[in-house]
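Residue numbers (our numbering): 1428 to 1534. As structure tokens, the structure follows; a few thoughts come after it.
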């Protein structure tokens, strides 16, 4: 039986920190594939102030079964007090890709 796939999104302040986290998640088999975007501009409200920061977005493909450990790992390694960690359910996709994600992340 296959696990439901998720697209998890987080941001980090530097390419180096994004790459380091991505490699750790892949090595621990918590994710099958991670894309790191070019810098994005994040504008948000923090402690009653509008902030604008350059960040690197990670798009993480994983299974529902891996999510809780993946979230915990991101939270522990993340430099922000309240990091963005959101998960979006993947309802459909190329069956071969879905199979591959499940195979790569199975422990």
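The beta carbon of each residue, even a glycine, is placed where N, CA and C say it ideally should be. Quick caveat: nothing in here was measured; it's all calculated off a predicted structure.
Option nearest residue i by Cα separation, candidates the options
i	options	result
residue 1434	1507, 1509, 1498 and 1469	1498
residue 1482	1528, 1452 and 1440	1440
residue 1516	1527, 1477, 1503 and 1487	1487
Cβ neighbour criterion (16 or more within 10 Å) applied to residue i
i	result
residue 1458	buried
residue 1513	exposed
Start-to-end residues for the beta strand (DSSP E) that takes in residue i
i	result
residue 1480	1476-1490
residue 1521	First-last for residue 1521: undefined, no H or E at that position.
residue 1471	1467-1473
residue 1462	1460-1463
residue 1432	1432-1439
Boundaries (first-last residue) of the alpha helix (DSSP H) holding residue i
i	result
residue 1452	1442-1454
Strand pairing of residue i, partner residues [DSSP]
i	result
residue 1535	For residue 1535 there is no data in the structure shown, the boundaries of the chain being 1428 and 1534.
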